Each structure stands twice: as C-alpha cells, then as structure tokens.
Amino acid sequence: MRTNWKLFGVLGVLALGMIIAPGAFAQEEAAAAVEVAEAAPEISLEMFTINNTWMLVATFLVFIMHLGFACLEVGLTRAKNTVNILFKNTAIIAIGILTYAAVGFNLMYPGDFSVAMFGGGFFGFAGPGVGTDAAGLTAAYNPGYTYWTDFIFQAMFAATAATIISGAVAERIKLLPFLIVTSLYVAFIYPWLGSWQWGGGWLSEKGFYDFAGSTLVHSVGGWGALAGVIVLGPRIGKYVNGKINAISGHSMPLATIGVFLLWLGWFGFNGGSVLSADPGAVSFVFVTTTLAAAAGVIGAMVSTWIVQKKPDLSMVLNGSLAGLVGITAGADSVAVIDSVLIGLIAGVLVVASVILIDKAKLDDPVGAISVHLVCGIWGTLAVGIFSENSFVTQLIGVVAYGAIAFPAALILFLAVKATLGIRVSEKEEIGGLDVGEHGMEAYSGFQIFTSQ
Amino acid sequence: MRTNWKLFGVLGVLALGMIIAPGAFAQEEAAAAVEVAEAAPEISLEMFTINNTWMLVATFLVFIMHLGFACLEVGLTRAKNTVNILFKNTAIIAIGILTYAAVGFNLMYPGDFSVAMFGGGFFGFAGPGVGTDAAGLTAAYNPGYTYWTDFIFQAMFAATAATIISGAVAERIKLLPFLIVTSLYVAFIYPWLGSWQWGGGWLSEKGFYDFAGSTLVHSVGGWGALAGVIVLGPRIGKYVNGKINAISGHSMPLATIGVFLLWLGWFGFNGGSVLSADPGAVSFVFVTTTLAAAAGVIGAMVSTWIVQKKPDLSMVLNGSLAGLVGITAGADSVAVIDSVLIGLIAGVLVVASVILIDKAKLDDPVGAISVHLVCGIWGTLAVGIFSENSFVTQLIGVVAYGAIAFPAALILFLAVKATLGIRVSEKEEIGGLDVGEHGMEAYSGFQIFTSQ
Amino acid sequence: MRTNWKLFGVLGVLALGMIIAPGAFAQEEAAAAVEVAEAAPEISLEMFTINNTWMLVATFLVFIMHLGFACLEVGLTRAKNTVNILFKNTAIIAIGILTYAAVGFNLMYPGDFSVAMFGGGFFGFAGPGVGTDAAGLTAAYNPGYTYWTDFIFQAMFAATAATIISGAVAERIKLLPFLIVTSLYVAFIYPWLGSWQWGGGWLSEKGFYDFAGSTLVHSVGGWGALAGVIVLGPRIGKYVNGKINAISGHSMPLATIGVFLLWLGWFGFNGGSVLSADPGAVSFVFVTTTLAAAAGVIGAMVSTWIVQKKPDLSMVLNGSLAGLVGITAGADSVAVIDSVLIGLIAGVLVVASVILIDKAKLDDPVGAISVHLVCGIWGTLAVGIFSENSFVTQLIGVVAYGAIAFPAALILFLAVKATLGIRVSEKEEIGGLDVGEHGMEAYSGFQIFTSQ
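Residue numbers (the numbering used here), protein chains in the order written: chain Y, 1 to 452; chain B, 1001 to 1452; chain G, 2001 to 2452.
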C-alpha cells in the first residue's frame, strides 16, 4: 500500500502542476496566438457558423470513438479483466484531454516546445473576459472554427493514440505504469510527431500527405502498441510449448457495439478533418470512408472464410476497422472506386497480419497492431498509389514516424519496467486484474468459469 | 467444406464483378446524371452548406440504426445464436452499401435499369478529378445536398430492408443462403420498388404518399420477413403439440439499447427525409416522430398490462418501434395531435399482431412482421385518414407493394432452399448457430444453460 | 390482479384525458403564443436555419442521455432487477414527453398555469394548416429555433428529472406508484419550478444564474431522489446490525456505456442551452464541459485511490458525471481553468458524498443524490465564486429550489405510500422485481447466483 501512496502522490503532483502552473505566462501566450490571425478572412458569419457547427458535431463523434474502443477491447478480452479495461479507457480520455490542454495542443500547433511548456499551454487562455481576444471566437482565428473548437476537436484525437496502445497491452499490464506511459506518450510524443505534418513541420514541407491520420494517429498508436507488446511479453497460457492457444473474448456483442461506434465516430474523424463543412469535400469523405469500411468487412469475411473455413466475427469486425484506418490518409483524395479497393485490401491484410503476428508470438489481444499499424502504413502508402502524391514521400513519412515513435515508446515502457515494474504478478493475472487492481468484479452475480 | 468453397467462390466473383465491372461505361453515366442538373438553383452557398450538413448528420443517424437492429435482434434471441446474428448484421450493412453503390442507387434514381446495370452504377463516378463534374458537388445537383450525400444517405436506408428480414429468420437460417437472399433483395427488389415512388414512378404520379418509407422501406422489409418465416418454418420447440412456447431473449439490456438507438436513428431517417435543413419541416418531423414513439410506448404498455396482466418490456420496446414505423409515412403531413393517435394505435396494434402472428404459428423471434409490416401498412393508411391524401390511393400503394415484394421474396427464399438449402441442421439449431456456423461462442467463460 | 386493473384504469384515463382534453381551446392558445412574436428579428434565413439545425442536434443528444441513464442504472444494480429498470426508463421518457406536451411546456413557458391546464397545452397547436401560424416556424418566433424545436428540446430535458429519481429508488419501488409519482413530478413540479428562472420568473429577476440546469434540472431531480430514498428506506441487506454492506452492480460495461452516453448527451444539454449555434459560445461550452468532466474523473480517481486504496471504477464513472453536473450552471461563464477546478472539486465531492450518504444509511444504489443534488448545488454556487454572479443570489436560488422540490416530492411519495403502497414485498425484493413485477428475466439462459 505504501508504494501506491508514493506513486500516485507523484500522479497527484503532476495533475496539480498541470493545472496550476500553466496560468503563469498566460497573457503573453494568448497574445502571441491571436496575433497570428490579424486579417479577417473573406467569409460570411453564416458560413463560419455552419463550419464551426459541423466541426463540433465531428468533435462529439470522435468523442464517442473512445466508448467504441472501450467496448471493443472489453469484448475481445476475458471477463475477469473487464473493470480494469474500462477503468483504463475512462482514465485515458480524461488524462489525454487534460494533458493535451496543458502541453499537447501548443506543442503540436505551432510546435514551439518552449511556449507550450512554459507559456501556459491551452490554459493560458483563461476564459471569456479573462484573457481571450475576440479573434479566437470569430472567423479571424480560422474560417472553419473558433479557437475553442480547434482545441476540443484536436484534444479528442489525441487520446486516441493512447487508447490504441491500451488494447494491445490488455490483461497483463499494471494500471499505474500504463497510465504513466500513455500520459507521456499523449502529452509529448504524439503532439511532437504530429507537428511534423499538421503543425506545418518538415514532412508537410516535403509534400507528405496524411489527410486524417493513418500515420499521425493510427501508426503512432500502433508503434506504441508494438513496443508495449514486446516489453510485456505474452499473456500466461497464450504460447505453450510452441503451440498458439486462442484466448476468446468474453462478449461479442460488446465487441460489435465497439466497432459500430468506431465506424460512427469515423464520420467525424475523417469528416471533421476537412476542417470545414465544405459540402463537396465532407460528403465525398463520408462516401469513401463508408465504402472502405464496407469493403474491409468483405475483404476480411472472404479471407477468413477461406483460411479458417468458418467466417470469424472478430476478423470481420477488425476488417471494417482495417478499411477505416486504411482510408484515413486519403479519404479526400482517392477515387471512389479506389476507396473500395483500399478497404478490400486492408480487410485481407488485417486477417493475414493477425495470423502472422500471432505466429511471431507477439500477443496482441485485440489485433491493435494489425489494425492500426499495418493498415495505417497501408493507407499512407495507398495515397502514394491511388492519388497524385509521391509514393516515395509517403514511404519516407511512414519510416520517419516509425523511427521515432517505436523507440520512444520502447524507452518509455522499458523505463517504467525498470522502475515501477510493468506486469502484474502471475497470481493476479490468473485471478484477473479486476480483483487484483480494483478489488471488484465486472459481472457480480454471474457464474463465470474460473479458468477464464 | 467443399460446398463452402464453391459457394463463396460465387460470392467472391460477385463481389469482384461488382467492383470491377462498373468502371466500364463510367464516363457516359456520369455525364448523363450531371446533365439533369444544368440550371443552378436560387440558393445561397450558405444555405446549401447547411442543408448538406444536416443531410450528413441524418446519414450517420441512419447508420447507427444498423447497430440498433443488431442489438435488438441479439437481445431478443438466445445466447447461442448471438455471434451469428452479429455477423449477419455486420455483413448486411457492408454488402448492402456496396451493392447499392453497384446497382441499387441508379436502379432507384432515376430507375433506368439498363443504365444501372451496364452503365457503371454509382462507381461510374470515379472520384475527384477522375470523372465527377463539379455540378455533383454544388447546389446545381440539388439544393439540399451533393451527389455524394444523395448516395450515402440513400445507401444507409437500403440495407435497412435486409436487416428487417434478418430478425424474423433468426436462429435457424443458414448464413450463406441468408446473405445471398438479402443481397439480391437489397440490390434489386428494394430499389426497383422504391423507384415507383421516390424515383418518380407510377405510384408517385398517382398521388401516393409515403414520406420516409412506412411502405417503401418498412413494409418492403416486412414482406420479405413474412416470406422468410413461411419458407423456413418455426424454430424447434416453438410450437409443440399445438402449444405455443415462449422462447425468451437472452439480454433485455441489449434489446433496450437497440430500441433507443433505433429511435435515435429515426431522427435522421425521418428528419433527413425532408431532404434539406428546412427549419419548420425538420423540427415538425422531430416532434411528430417523438410523440408517435412515446405514444407507441404507452399504447403497448397499457395493452400488454391489460392482456398479459404484467407489463411486458419487449412489448413496450416494440411499441416504440411501432409508433416510429407508423409515423414514418406521414411525419411531415399529419397534425401533432394525430401523430400521438397514430403512435398510440400502432402501439396497441403491435401487441395484438405479435399475439395473432404467434397464434398463426408464424415464428418471428423479434416481432419484425408486426412492427415493420403491420405498422408500416397502418402508417401508410393513416396518411389517408389524417391528412389530405386519398385513402384509396394509399391502399392501392400498400397492395401494390405487397403484390410484388412478397412473391419476390418468396421466390428468392424458395430458390435458395431448393439449391443450397436454407435451414441449419437440427443438431446445429439445438447446439446453436454460433458454434455451428462460426465455430465460436459469444460469451466465452459464462455459464449458460445448455437448453438455451 | 383486481388492483392492477383499477390502477391502470386510472392511468389509461389519465393518458386519454391528456390526449383528448387539450384540443378544446386550441385556437385561442395558439393565437396567444404567436402574438408574442410579432416583429421579425434581424437575422438571415441562413443563420436561422443553422441555429435551428444545431438545436435539433442538441435535442437528439439529450435524447440519448436517457439511454445513458438506463444503462448506468442497470449496470450499478443487480441482474434480477434489470427488466424493471429498463421498463421504468423506457416508460419515463414516453410519459415525460407526453405530459410535457400536455401541460409542462406551457406551464414552464410562459408559466401561466391556467392557460397550460385549460388552454390546450402544446397540443393546442394541432399541426400544419390546422392551427399553427407560420410565425412558429420562422425566426419571427425566435431567432434560434422554431416553435417545434423549442418544444422538443425542452421536452427531452423534462424527463431527465424523473430519470434521476429512478436510480435512487431502484430495486425496491413498485412500478405503478413510481410511474405516478414521477409523472406528476415531471408534469407539474419540474415545469413550475423551471418557470421561476427559465420562464422569466422571480429568480431570474433577482439575477440568479443557472445556465443549463445544475439546479433547475439536476438538483430538482436530486431532491426528488432524496425524498424517495427517505420514504422507501434501504434495500434488504444493505444495512445490517449497523454494518454497511456493499451491493455490487451486475454489469460494469453497461455502467460505463451509460456514463459515456451521458457525457456525449451533455454536449447537447449544455451546448444546446446556448439556444443558438453561436460559434464562440457553443464551442466555449464544449470546452468547459469536456474539461470539467475530465477533471471530475481525475478528482474521483485520486480520492478513491487514496481513501479506498484501490481505484474504484464506479467512483470514477460518477466522477465524470459529477464534473458534468458541476459545470452545467456556469459552462458559458466561468474561465477555462476554473472549469477544470470546478470539475476536480466535483469529482472529490462525489466520492465524499457517496461515502457520507451511505454512512447516513440513505440507500442510493447509483449515487444519484451525490451526483445530481450535491454536485448540482456545488455547480450553482460555483457560478457565484468563479463568475461575476452574486454568491448570495446563487445560494438563495439553491435554497428556494430545495424548499419546494424536496417537500413536494416528499408529499408525492408519502401520498402514494399511503394509498397504493410504494414498496414491493420482501419476497419480491429478494426474488427480484423482474420476475415479481414483469414475469420475465433479463438474462434468460445465464446462470446467475440466487443471492444476487
């Protein structure tokens, strides 16, 4: 118990620091950001309002993806670890949003590390009449959205990367170390890497293209997942005497709900990445996104039916996510027919990848690496194949992100492993993390097999 | 296993054909469709953008209905068939959207069969800069939405008809035959029948009125459900020695989640059928839709409490759907007080219908025929009672749709039955379709009674 | 059985009266309401359409909160009472909307009791071409929304108060008495109290501020919950020989789904309370709402980890709701950094409150009193601390609402207790309300421990 105290004493201090510290240089920071937007753009108040309204709709759609991730992860793992997974996912979005406010937002846009860290972060803007210039609330800031919309839409994105990791390391990672690693990943690694492209950094200057984040969000999350899986090792009983044992998820309805909510949220994830309500662009993105998801389902369905002789629901679910991740980089710039092709290939790819990753004895309970890393890379490269963008530049981007994201995640996981320890005890893993970490059961009253 | 290979070899060829073939005559088709919209309408870019944004919101709301259907169907059936139902519902939306793109959309609008089949379908439009005229992306196409929005909103509708069938034939139909029947139904029957009214066909010329599809969507789905139930016969143990045995659903929370999601989606289903963001029309439709759903709950609650002595949750849930289906045909054209009446009567009707259909030994596990066919007919006729539309014309429409939809579905089901067989083996039905068709359980680790 | 008949004969008469009676003086009422809006405001049709569209989006978001409440309440209680809770929550929204149409809406705005009761209520407006002046459908009624939008947005709010009560009295209250009490509370108490502030009544004249209803909705619901808990007494086995026994909820996934849906819905609850799509105001409210929820999670997580040594998921879930309730009164008027502080304190407060209320032997199965009453008061007072509004006036408002809401609810509960009886029999409570009140199980086929 003493350990616990010490550890989240640290957590508490971090949280408080995050909240109090930023106020310091608030005024300067606010002034700096607002100066950027001096000239009012040529846009009517009506158009600005529509754009902003759509961006807020996209924001709540991305928000609901976090519930989707939680349901999917819970559904594909065992009943005894349910509370732990739900806890992680609830905590991640809260931590992710607050750290993004404290440092991430200003680290990513404009990417000035010193301003972000010492200038007050997003909290520098203290509220109406207390520091925010009117420019932040009008089209003078951006014709597509207000300053506040900009922040909240991006903040919803940020926590996604951490959530992707969550699924891969499920059922064996200690709670506090997990929260620390993912907090740091979301607060620093994700926004820094994001600034390369969306912050107007070197990759965007090179002509790299990643519309809504096949690489910036999904691969970055996927690299973190891969690092976590390597450092943690497989769950007990997964690989025994060279044999691969399937560990079934405990609720396919939850997994399916999760996937449908993710698909729903993707309308905001991709549709909001247009950064305005432009009718042609947003509706086109809706079409490519949907067709890719549908084709992903078909691709996975046909492959799994052939390979496994029976149509596997979890593969089909991952197939739709694969299609969605695959189309994310090019949803606005590939032909409709090609969005089908991209999704179809992603659906086949995810089935192959899940099988191969399992053969490599990398234990990823929900297939996060296959869905987000493999299909994130595929989607980014597909932009180089199916649109006018350069394949080589796309490849450079993919490699560059991997070259930083993976080692960074690896270092974080190893550092935590060396200090706090990262894996629950064997006894706790077998008994379940719900009782071990949280002292409660997810399904009180239900008879559940102990081996599960 | 050999059979499986052969069968979805066919499926694979179909899927590929669907994707590759349409490219052929793309340019001509695109040109033809765009010609229709030569004159730019008198509408501001702002208004066009709002309209289009609302239609996209309506689109994602209709999308979420598919999750609603999945949850409802799963909740009202037994645990052992859960994976199968989730699989069907995930596959249906994917197949439905892709077939609608390939043939359905152009078959329904403008209803030119030859263009739809040989002109490339929706895929004829190959994407930005590769075939789509700018007219498809501006108010020149339609003041309410872009070409892409038109397609994606309608595509979300199309799969609904198949999903309605899914619930009625649950727990005993083979997977592949089901997918084939519903694919053909969605690809050809639904859009052809739809073209009679929404495609500007003969019924619309006669003055038939069906605002959002009490008949065009719900009855059409309901007729398919009825045909399926007749061809399949009841589940084992449902009717024994003239006695009706209730087979309880395994998760009332899932059923309730399903109904609330359907209600939510209906705001888009009916609200989007205004085909613009017109403030008066859309808000009026929100009001009638909500009041009818609420009245449906009350109607079903009071009836079931009287008839069954205890208030039955599944009846009340179906009551809200009954109210929603009932108001769908006239949501924009009946008085507010009449929307309450229509919903109330639908709620009573669904309780009576569920009981009578059961007495007729038609085994419909989720009450799909009662909700969608019976209340779809009621809602269509109600337009002839509560608005200025002719009752006789409404009746003609109801009969005409039944006269085609039911035999068409019957032929499809019988054809599949004669060739592939349609019903799982007795052993598989008792053991559950999850293990039989998919080789997996929905609730791994939970103790579930074998008889269930 | 005889009792049942008699009782809901009353219910049926009430329902019918509600539907038929209002028609009477319809025309006069309609005329009166429309007169208010004679001068068309200075707003473009485009802006009016955007505003109205956003308000309808907010409406469906608030609608989905009812599913959130249902899932949360079900998840935090025992499996044997699931059907009963789902039934209550489905019935409440239906009854709430219909009674709000019949009396609530006109009682709250403009608060003229005689018009509301005898003038036809909302149903006075009979529909297009049957009584509604065009003014109700244009910006002449209100620049932010049509007459219909006004009603439907407010109607979704109204049922919330009843739903809050539902959670607190769960697992032991009889169905019919519950429905009667909450119907009367929603039809009369809630709108009358609401008229004090939102109807332009005495509190609004005093300068009281409650942006979206920390007091008007949440405290009012919370006071009802407190009254119900007192009248009902604790569940069997909860407090035995001075010892407090925790009664675990049966589905933490459902509880978590509930909280995420509530959070989602709150974007509409608070965002819609701007009453237009004003870009600055709505996006600012999105930010404060989200940050408060996130901070509530952190506040509860840290407190529970310290106090209970293990991080408690249900506390963290309630923490996010606490943050949301806390920010509701001032979401548009406190600084961003203060929204974090308000949420953080609410998160700590809810943990302390749940523990103290349990020590006081007030058995509130879902923590409704702590979340909605305690944090509702906190949020209202916080407006007096963190904005320019007077703390004293805020306190007066808090006290005034409590002074009416609590006794009113108490009288309702006591009256029902004296006449119909309010609590199920001991045998039924132990066996579960699902079988007792509804004759069905929620999880047919699952092995569930009888003691649960």
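Glycine included, C-beta positions come from ideal geometry on N, C-alpha and C.
Remember, it's a predicted structure, so these values are computed and weren't measured experimentally.
Excluding residues up to 5 positions away in sequence, D2364, I2369, S2370 lie with their Cβ nearer than 7 angstroms to the Cβ of G:I2357 in the same chain. Distances from the alpha-carbon of B:F1406 to those of B:I1345, B:T1380, B:A1091, B:I1189 put B:I1189 closest. Interface flag for B:T1049 against chain Y is set, since a Cβ pair is found closer than 9 angstroms. Counting along the chain, B:A1058 sits inside the alpha helix (DSSP H) bounded by residues 1045-1075. Sequence-distant Cβ neighbours of Y:Q394 in its own chain, meaning closer than 6 angstroms and more than five residues away, are T380, L381, V383, G384. Not a single CB atom of chain B sits nearer than 9 angstroms to the CB of G:A2162. A residue is called buried once 16 or more other Cβ atoms fall within 10 Å of its Cβ, and B:F1449, having fewer, is exposed.
Sixteen is the threshold: when 16 or more other Cβ atoms of the shown chains lie within 10 Å of the Cβ of B:F1269, as they do, the residue is buried. In the DSSP assignment, the residues bridged to B:R1423 are B:I1173.
For Y:H66, a Cβ of chain G is located within less than 9 angstroms of the residue's own Cβ. Scanning the stretch 2325-2374 of chain G for uninterrupted alpha helix (DSSP H) segments of 4 residues or longer gives 2336-2359, listed from N- to C-terminal end. Annotation for Y:P279: the continuous alpha helix (DSSP H) segment containing it runs 279-308. Inclusion of Y:L98 and Y:W192 in the CB contact set at 9 angstroms is not warranted, their separation being larger than that value.
In this model, Y:Y141 and Y:G271 are separated by some 21 angstroms (Cα to Cα). Under a criterion of Cβ atoms nearer than 9 angstroms, the residues of chain G adjacent to B:R1078 are, in order, S2444, G2445.
Of all C-beta pairs linking the stretch 198-218 of chain Y to the stretch 310-330 of chain Y, three or more are shorter than 8 angstroms, placing the two stretches in contact. Not one beta carbon of chain B lies nearer than 9 angstroms to the beta carbon of G:A2140. In terms of beta-carbon proximity, B:I1448 lines the interface with chain G, with at least one pair separated by less than 9 angstroms. Take the alpha-carbon of B:L1261 and the one of Y:V351: they are about 30 angstroms apart.
Any Cβ of chain Y closer than 9 angstroms to the Cβ of B:G1439 would place that residue at the interface, and such an atom is present. Contacts with chain Y (Cβ-Cβ distance below 9 angstroms) from the stretch 1097-1109 of chain B involve I1097, L1098, A1101, listed in chain order.
Inter-residue distance for G:G2136 and B:V1334 is about 17 angstroms (C-alpha atoms, whole angstroms). Under the three-state reduction of DSSP output, B:I1247 falls in the coil class, being neither helix nor strand. In chain order, G1280, S1283, F1284, F1286, V1287 make up the part of chain B whose C-beta sits under 8 angstroms from the C-beta of G:W2148.
Counted as a single uninterrupted DSSP element, the stretch harbouring G:N2081 is not any alpha helix (DSSP H), since DSSP gives it neither H nor E. Proximity of chain B to Y:E46 at the Cβ level (cut-off 7 angstroms) is accounted for by E1046, in chain order. Contact of Y:S251 with chain B by beta-carbon distance below 8 angstroms involves A1442, Y1443. Take G:A2187, set aside five residues on each side of it, and the residues of its chain with a beta-carbon closer than 6 angstroms to its own are T2099, V2103, G2104, in chain order. In the DSSP assignment, G:F2446 is bridged to B:I1448.
Nearest to B:Y1147 by alpha-carbon distance, out of Y:V398, Y:I244, Y:A281, is Y:A281. In terms of beta-carbon proximity, Y:A293 lines the interface with chain B, with at least one pair separated by less than 9 angstroms. The way I'd put it, the stretch 221-230 of chain Y does touch the stretch 163-170 of chain Y; three or more beta-carbon pairs between them come closer than 8 angstroms. Partner residues in the beta bridge of G:V2240, as assigned by DSSP, are G:K2243.
Pairing B:I1092 with B:A1159 gives a Cβ-Cβ distance under 9 angstroms. Cβ-Cβ separation between B:A1101 and B:I1085: approximately 25 angstroms, too far for a contact (criterion under 8 angstroms).
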